[in-house]
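To keep things clear, I will list the structure first and then write my remarks on it.
Protein chains: 2
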Amino acid sequence: MARRPTIIDVAQRAGVSKSTAARALTGAGEVNDATREKVRRAAEAVGYERNHLAVGMRSGRSGLFGLVIPDIANPFWAEVARGAQDRVAEQGASLLVFSSDWDHDREAIHLRALRQTHVEGAIINPVSDNVDDFGRFGVPSVLIGSSAERFPDIPSIGSDIAQAVRLGLDHLEAHGHRAPALILGPRSRLARARFLRTVHEHCLERDIDPATLPVEDADYTFEGGHAAMQRLMARQKVGHLTVFCANDMMALGALLAAREAGRDCPREVSILGFDGIPGGAFSWPGLTTIEKPAREMGRRAAQALFDQIDGRPQDGRTYLPCRLIERGSLADLRAHEPLRVAG
Amino acid sequence: MARRPTIIDVAQRAGVSKSTAARALTGAGEVNDATREKVRRAAEAVGYERNHLAVGMRSGRSGLFGLVIPDIANPFWAEVARGAQDRVAEQGASLLVFSSDWDHDREAIHLRALRQTHVEGAIINPVSDNVDDFGRFGVPSVLIGSSAERFPDIPSIGSDIAQAVRLGLDHLEAHGHRAPALILGPRSRLARARFLRTVHEHCLERDIDPATLPVEDADYTFEGGHAAMQRLMARQKVGHLTVFCANDMMALGALLAAREAGRDCPREVSILGFDGIPGGAFSWPGLTTIEKPAREMGRRAAQALFDQIDGRPQDGRTYLPCRLIERGSLADLRAHEPLRVAG
DNA sequence: TGCATTTCCGGTAACGTTCCCGGACTTGCC
DNA sequence: GGCAAGTCCGGGAACGTTACCGGAAATGCA
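Respectively, the protein sequence lines represent chains A and B. For what it's worth, the numbering used here labels the leading residue of the first sequence as 50, then goes sequentially. For what it's worth, the numbering used here labels the leading residue of the second sequence as 50, then goes sequentially.
Following this line, the structure appears as structure tokens:
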């Protein structure tokens, strides 16, 4: 197995010094055109490819970037990864991907690996405070996802939950749903509070008492949504039941629960999801939901990283707008009940 | 921003030479226990972390591995990536992830990036013959997926399509489906031929003329499956229609087509998928399908890579078994029609 | 005590690249 | 023709690490 050719091989073949060869190949510095061409040919002939490790050591620019997300197999995060990867590849760099599984120790291990490989920057969905001193080591970083809000000092990208929730509520209202039930995530999550706050604001603007909205807590899983929906149906046995779920997995679980209970969606039950996971397109009826711009988030996070590295001005936190995907899980109640509830 | 501490800082603080410090930290070579401990403390004190770039340059072991797949945002490949990543992380190494989008040029670019970063090895789902000379540069590699079969010289991991198809056909037979219609992928794909061959073998063993099976070609997409199913229903307007689809996306498309045509699944139509994508769990009825061991494939590919690098004996190509996931898209025809078709 | 052996450590070179510096040669101008 | 400026190139150092070699000290044994 032949040794990989180095710049010295190129230089020898071209009959110049390695410095000249390097200059010719990097484009920087002054080199005679003829010489440059000669070196180019020599490089081509021996099949030279620059050793990024050596470049990284010498220049401090490894051409490597890191991405630490909870789980690359999760469709949302896979989309984020894809967006980040695309942007990084455009830059001619490469992306190291790690899954933390929402585990503090794993995250710490991955962050250490990132430092040791001397990545030029990292995109992180933080699970713990590990990231706090990560930046101290001089690794530029951009945070991503709602948990990033705990670190206001570090630039971050997230979806605009307030805008998204309003989008959903407006859509519900436009179709005659006035006070939807809510299936939310665990109380410990920041996203839950933000979701709920926006709902409250929306209600108050419409003279609805937020306390009248039925709320069930779940854990962001299919099973959790399924159980929460059963509780909801036990609470309201008659009339059209409208449910706004804080994520799609729970919405799909709720959909199944409704079907099992013999309550037709969208005739007797309306369900609105949140996330935009691909699986929502395959349910029956298709899940109407609010899509987070996952890929764009990844792309923008990478862009923010480059901005930071190149010293361009930074936004603290960027909220990307979500969009509504209309499928079939929402009834249009305006036809049957043009009701006017007195405020 | 403080300079990252190097081994020289550690050595100075411990009052030893950098060679000794290196020996103490790597564990290799003879060092007095007291000295080693002293160095350890010094390293701890200054917050030393080994520079992997430098190690890689000196030792040729970068601690980096590469993964080139068609699309990280595709749930199947995301699972593969997760499996590979887990195994690589266990080794204390890191994984570079690239998406080729089934594009030759992109693949070539990514392979070049892998060589330049001096990855220790690569896992590749080959789209073109680029990989052929990739190995010549001394980068150990393992291929993954069905397209790997074009390169018999390179070790590879795939799912056992023959076993999977038989699993499906046996399951169909056990539920009274004798001669299913087929929705297959494009004729250019190797996997299609393998799929079809196994079906033929299965038929011949049962005195069924394979030519009697209705076959429709599609393109592995939801829309493709939808259209293929419409053609199938046009061909067979009466009786129970059983369809075996070569992937889940097409199966879900077929399911929708059936519903749109007012043909109830599983009462009037039975659909069997192939892949095991998560979305299949959310359709109604849930998609009965054959699951490829995606994560295990990724993990095994990484393992095969390590075996190859460490000079352990290699299998040429490894086929991992698939398993059947029973949900609800298959009718049990044995009750209603205990029919005995004369062979 | 003297010699051989072991244990431990420091010096140096090397990995492949880029950057800086200075020298040689060419060009321009008076 | 002489000097200044410009152009182009080679030599050497440096990035941080590890491998190798040799020497000093400690130990073992007679």
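For every residue, glycine included, the Cβ atom is placed at its ideal position computed from N, Cα and C. Since we're looking at a predicted model, the values are computed, not measured.
Using the three-state DSSP reduction, which class does residue i fall into: helix, strand or coil?
i                 : result
Cys371 of chain A : coil
Gly170 of chain B : strand
Ala230 of chain B : strand
Leu305 of chain B : helix
Ile358 of chain A : helix
Arg349 of chain B : helix
Asp297 of chain B : helix
Leu379 of chain B : coil
Arg344 of chain B : helix
Val287 of chain B : coil
Val188 of chain A : coil
Arg312 of chain A : coil
Arg255 of chain B : coil
Arg90 of chain A  : helix
With the cut-off set at 9 Å, would you say residue i and residue j are in Cβ contact?
i                 : j                 : result
Ala307 of chain B : Ala133 of chain B : no
Gly302 of chain B : Glu272 of chain B : yes
Val104 of chain A : Arg62 of chain A  : no
Ala91 of chain A  : Ala70 of chain A  : yes
Gln212 of chain B : Tyr97 of chain B  : no
Val264 of chain A : Ala230 of chain A : yes
Asp202 of chain A : Pro235 of chain A : no
Phe355 of chain A : Thr338 of chain A : no
Cys294 of chain A : Gly325 of chain A : no
Leu160 of chain B : Leu144 of chain A : no
Arg316 of chain A : Ala276 of chain A : no
Thr166 of chain B : Leu192 of chain A : no
Gln279 of chain B : Ala310 of chain B : yes
His153 of chain A : Leu373 of chain A : no
Pro124 of chain B : Pro124 of chain A : yes
Arg312 of chain A : Met282 of chain A : yes
Using a Cβ-Cβ cut-off of 8 Å (strictly less than) and excluding sequence neighbours within five positions of residue i, which residues of its own chain qualify?
i                 : result
Leu253 of chain B : Pro259
Glu198 of chain A : Ser205, Gly207, Leu239 and Arg366
Thr270 of chain A : Met298, Met299 and Gly302
Pro119 of chain A : Trp126, Ser148, Ser149, Asp150, Trp151, Asn174 and Val176
Arg110 of chain B : Val104 and Glu169
Between which two residues does the beta strand (DSSP E) holding residue i run?
i                 : result
Thr291 of chain B : Leu290 to Cys294
Thr338 of chain B : Thr338 to Glu340
Asp266 of chain A : Val264 to Asp266
Leu321 of chain A : Val318 to Leu321
Specify, as a first and last residue, the run of the alpha helix (DSSP H) that residue i falls within.
i                 : result
Ser108 of chain B : His101 to Ser108
Val180 of chain B : Asn179 to Phe183
Gly273 of chain B : Phe271 to Arg284
Could you name the residues of the same chain whose beta carbon sits closer than 6 Å to that of residue i, not counting the 5 residues immediately before and after it, in chain order?
i                 : result
Leu388 of chain B : Unreliable placement is indicated for Leu388 of chain B, whose pLDDT of 47 sits below 50; the coordinate value is still reported in the next sentence. Cβ neighbours of Leu388 of chain B beyond the five flanking positions: none.
Ala391 of chain B : Confidence is the limiting factor: at Ala391 of chain B the pLDDT is only 42, short of 50, which leaves the residue's position unreliable, though a coordinate-based value still follows. Around Ala391 of chain B: no qualifying Cβ.
Val344 of chain B : Here the sequence assigns Arg to residue 344 of chain B, which means Val is not the residue at that position. Answer for Arg344 of chain B: Glu128, Arg131 and Gly132, listed in chain order.
Gln285 of chain B : none
Ile58 of chain B  : Note that residue 58 of chain B is Asp in the sequence shown here, rather than Ile. So the qualifying residues of the chain are Val95.
Arg349 of chain B : Ile206
Val180 of chain A : Ile173
Pro370 of chain A : Asp209 and Gln212
In chain order, what residues of the same chain have a beta carbon less than 7 Å from the beta carbon of residue i, not counting five sequence neighbours either side?
i                 : result
Arg48 of chain A  : In the structure as shown, chain A starts at 50 and stops at 392, and residue 48 of chain A therefore has no counterpart that could be examined.
Arg383 of chain B : His224 and Gly225
Val188 of chain A : Leu163, Arg164, Val168, Gly170 and Ala171
Ser332 of chain B : Leu301 and Leu304
Ala228 of chain B : Ile257, Thr261 and Leu262
Glu375 of chain B : Thr337
Glu156 of chain B : Val117, Ser149, Val176, Ser177 and Asn179
Pro54 of chain A  : Val95, Gly96 and Tyr97
Thr291 of chain A : Leu221, His226, Pro229, Ala230 and Ser319
Check: Which whole runs of the alpha helix (DSSP H) in the region 194-248 of chain B are 4 residues long or more, in chain order?
Finding: 210-223
Notebook entry, point to check: Which whole runs of the alpha helix (DSSP H) in the region 112-175 of chain A are 4 residues long or more, in chain order?
Noted result: 124-139 and 153-165
Next item on the list: Starting from the N-terminal side, write out each stretch of the alpha helix (DSSP H) that is 4 residues or longer and does not extend beyond the region 54-86 of chain B.
Entry: 56-63 and 67-75
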